[in-house]
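Each step along the sequence shown adds one to the number in the numbering used here, with nothing skipped, and position 220 is 220.
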Amino acid sequence: MPQTDRLRYLDVATRRIARGMDLDETLRELRQAAVPAFADAIFIHLDDPLPVGTERSAAPVVLQLHSADRALPTPPHGDGTPPPPSPPFPEVAERVEPVGSGRLAELLRDGRPAFGDAPGNAPAVAELLAAGADPPGTLPPGHRLIIAPLHGSHHVMGTVVLLRSTDRPVFTGDDLLVASQLATHTALGVQKAVMYGHEAAVADTLQHTMLPSSLPEPTGVRLASRYLPASKTAQVGGDWYDAIPLPGNRVALIVGDVMGHSMTSAAIMGQLRTIVQTLAGLDLPPNEVLHHLDEQAQRLGSDHIATCLYAIYDPISHRLLMANAGHPPAVLLHEDGRAEVLGVPPGAPIGVGGVVFESVEMAAPTGATLVLYTDGLVESRDTDIGSGVEALRVRLQSSAQRLASLEVLCDHVLGTLSPGTRDDDIALLTARFEGFPPDSVGYWYLAPHPMTAGQARRLTRRALRRWGLESLIDPTELMVSEVVTNAVRFASRPLSLRLLRTDVLRCEVTDDSPQVPRMRHADLGDESGRGLFLVNQLALRWGATRLSSGKVVWFEQKIPAR
1 MPQTDRLRYL DVATRRIARG MDLDETLREL RQAAVPAFAD AIFIHLDDPL
51 PVGTERSAAP VVLQLHSADR ALPTPPHGDG TPPPPSPPFP EVAERVEPVG
101 SGRLAELLRD GRPAFGDAPG NAPAVAELLA AGADPPGTLP PGHRLIIAPL
151 HGSHHVMGTV VLLRSTDRPV FTGDDLLVAS QLATHTALGV QKAVMYGHEA
201 AVADTLQHTM LPSSLPEPTG VRLASRYLPA SKTAQVGGDW YDAIPLPGNR
251 VALIVGDVMG HSMTSAAIMG QLRTIVQTLA GLDLPPNEVL HHLDEQAQRL
301 GSDHIATCLY AIYDPISHRL LMANAGHPPA VLLHEDGRAE VLGVPPGAPI
351 GVGGVVFESV EMAAPTGATL VLYTDGLVES RDTDIGSGVE ALRVRLQSSA
401 QRLASLEVLC DHVLGTLSPG TRDDDIALLT ARFEGFPPDS VGYWYLAPHP
451 MTAGQARRLT RRALRRWGLE SLIDPTELMV SEVVTNAVRF ASRPLSLRLL
501 RTDVLRCEVT DDSPQVPRMR HADLGDESGR GLFLVNQLAL RWGATRLSSG
551 KVVWFEQKIP AR
């Protein structure tokens, strides 16, 4: 091969190898570049397992055959007579364990390509080509085999064997240089693919462990979700979703997306999701949650930007409160099949700083479905977010009557994605509003004075009789009295008493004092301190949650089977 042709060939071949995005693609490009332009056959062995990072392993090198390729037979001559047969190539070893002091191990450590028929290389060829097979393979005479080790930055990654048949010229010294360039670029591509695969696997595992393993089942709303990772050619992203039960049978619905695709994005996503969960526990309005999330994101670093949509659904008032931080708008699918893009001011993304977020309250009709998603669902290389959101709305509206189940709805939404490579993850959260029956709610405001506990007992007794729960009257009256008495001691404004009848009987007492009660054991001579102890003994479960405007103390009882 003339010098100019050799350089041109190397330029094209190395470019093909370098464009490989993963291990299989890199080696496929090597095989296609080498056969038949440079060799008639190629055998590629890789370390098993392939090394990751810079640490050197003390374990012996083991080579496993990854792939092989042979040139197609030469077509017949013009007169119809077949060409003279070429000697068959020998069988290649599937698995090789080079002897530490053997010739193959020396060639791997040396890292330079060598002719198979060079003095002393016969044992190395025998190890790679299974020369001990029955019958043993035979090599064509002359410089027709090259062993080219694959050397990464820190490790031996494997070896490449190149062979030529007798119907073309033998390899020359210049061909050794070509083989060296092919092997060097392939080794770097293999190393890149291994490192990328390792980082993607770690990031993917990190992301999945940070996403909720299951969704809660709050009364008054049904939930379903999907998470669809990006295609293999894209790195993992920072998409997340969450559903968090709040006091008063409300539920917070969150979807967010950290900009970028890397393990760092997944880690930042986990931190932001934890911050949101903490803020949700304070029962702040959505705009306040996004404000504090924005402050915390800036502490994580000015280069971390995220979008987030935070909504609170109240099944008792049938209202939805929502705030948006640069996220694609939610879609509300009404029970009659009409799909509506909710007009919530988008605001600026999380991490920008100095932004005022706005909460918007709207009706949440019974039977309607809220669809929250990340931009990977509506944005692509060929579609902007605005067009994608409108296309999603049209798809939901056109098929609403067939999507009775939330699970079917989620599958339908993802099933309409156009085929091809996706560069971004998709997080999808759907919530169907069922509401709370008005006849199963008792709600009263009570002034904080010494007679309030007696008034609370009378209201509780009437509600339980109306619901046919006479067997729960005595323990519920006792617990309501203790909780209300404690609230009266600290409240400066009217407190609220709410009874909810679902699969359990739930009682909530809310006041404006931030002091959360703690259970303690009273001594024999103490006149107080037994209230929460009684609640703990009688209730199925109980708790106290600090709110932005005070606190709520609640307890639940099991409703007897009729």
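The C-beta atom is built at its ideal place from N, Cα and C for all residues, glycine as well.
First through last residue of the alpha helix (DSSP H) which encompasses residue i
i           : result
residue 536 : 531 to 538
residue 557 : Segment 550 to 558 is the beta strand (DSSP E) holding residue 557; no alpha helix (DSSP H) there.
residue 103 : 103 to 110
residue 567 : Here the chain has residues from 1 to 562 only, and residue 567 is not among them.
residue 515 : Premise fails: residue 515 is in no alpha helix (DSSP H) and is neither H nor E.
residue 265 : 263 to 281
residue 149 : Note, residue 149: premise wrong, no alpha helix (DSSP H); beta strand (DSSP E) at 145 to 151.
residue 7   : 3 to 18
residue 387 : 385 to 398
residue 407 : 406 to 415
residue 26  : 23 to 34
Candidates the options, of which the one nearest residue i by Cα
i           : options            : result
residue 347 : 332, 335, 306, 376 : 306
residue 513 : 404, 543, 547      : 547
residue 228 : 471, 211, 495, 544 : 211
residue 417 : 67, 230, 209       : 230
residue 192 : 51, 165, 172, 45   : 51
residue 429 : 536, 340, 297, 255 : 255
residue 410 : 369, 176, 28       : 369
residue 582 : 281, 19, 501       : Because the chain is modelled from 1 through 562, residue 582 falls outside the range shown and cannot be assessed.
residue 190 : 448, 493, 30, 455  : 30
residue 155 : 115, 162, 109      : 109
residue 111 : 157, 128, 457, 39  : 157
residue 20  : 267, 415, 196, 295 : 196
residue 497 : 555, 536, 264      : 555
residue 238 : 454, 267, 120, 437 : 267
residue 436 : 66, 12, 503, 468   : 503
residue 107 : 22, 337, 146       : 146
Own chain residues within Cβ distance below 8 Å of residue i, not counting five before or after
i           : result
residue 277 : 242, 244
residue 105 : 61, 98, 99
residue 335 : 365, 366, 367, 368
residue 477 : 457, 460, 461
residue 123 : 102, 103, 104
Start and end residues, beta strand (DSSP E) containing residue i
i           : result
residue 359 : Taken as a continuous stretch (DSSP letters only), residue 359 belongs to no beta strand (DSSP E), as it is neither H nor E.
residue 563 : Lying outside 1 to 562, the shown extent of the chain, residue 563 is not represented and no answer is given.
residue 312 : 306 to 314
residue 245 : 238 to 245
residue 495 : 495 to 501
residue 215 : Note, residue 215: premise wrong, no beta strand (DSSP E); not H, not E.
residue 127 : First-last for residue 127: 122 to 128, but that is the alpha helix (DSSP H), not the beta strand (DSSP E).
residue 43  : 41 to 47
residue 492 : Here residue 492 belongs to no beta strand (DSSP E), and DSSP marks it neither H nor E.
residue 68  : 63 to 70
residue 323 : 319 to 325
residue 563 : Since the first residue of the chain shown is 1 and the last is 562, residue 563 is not available in this structure.
Close beta carbons around residue i, own chain, < 6 Å, minus the five adjacent residues each side
i           : result
residue 475 : 538
residue 360 : 322, 344
residue 563 : Absent from the structure is residue 563, since the part of the chain shown begins at 1 and ends at 562.
residue 624 : Only positions 1 to 562 of the chain appear in this structure, which leaves residue 624 out of reach.
Nearest-angstrom Cβ-Cβ length linking residue i and residue j, presumed shorter than 8 Å
i           : j           : result
residue 10  : residue 178 : 6 Å
residue 96  : residue 43  : The Cβ separation is near 11 Å, so there is no contact.
residue 240 : residue 269 : 5 Å
residue 563 : residue 181 : This structure cannot settle anything about residue 563, because the visible part of the chain is limited to 1 through 562.
residue 495 : residue 446 : 5 Å
residue 553 : residue 483 : 5 Å
residue 341 : residue 331 : 6 Å
residue 247 : residue 283 : 6 Å
residue 70  : residue 24  : Incorrect: roughly 18 Å between the Cβ atoms, too far for contact.
Contacting residues, own chain, Cβ-Cβ under 7 Å from residue i (five flanking each side not counted)
i           : result
residue 375 : 257, 328, 385, 424
residue 472 : 464, 505, 557
residue 364 : 313, 318, 319, 320, 433
residue 136 : Low confidence applies to residue 136: its pLDDT is 43, below 50, so where it sits in the model is not reliable, and the reading given next is rough at best. Once the five neighbours on either side are set aside, residue 136 has no close Cβ partner at all.
residue 198 : 52
residue 134 : Low per-residue confidence applies at residue 134: pLDDT is 41, beneath 50, and the placement is therefore not dependable enough to give any value.
residue 273 : 210, 240, 242
residue 452 : 446, 484, 488
Contact test: residue i Cβ vs the ligand NAP heavy atom, cutoff 8 Å
i          : result
residue 43 : Because no ligand of any kind appears in the structure shown, any question about the ligand NAP cannot be addressed here.
task = Could you say if the region 471 to 487 and the region 500 to 516 meet the contact criterion of at least three C-beta pairs nearer than 8 Å?
result = yes
Three or more C-beta pairs below 8 Å linking the region 177 to 189 and the region 149 to 157: yes
Spell out a yes or no on whether the region 376 to 395 and the region 308 to 327 are touching, meaning 3 or more CB-CB pairs, one atom from each, closer than 8 Å. no
Exercise. Could you tell me whether the region 219 to 228 touches the region 279 to 291, using the rule of 3 or more Cβ pairs below 8 Å?
Key: no
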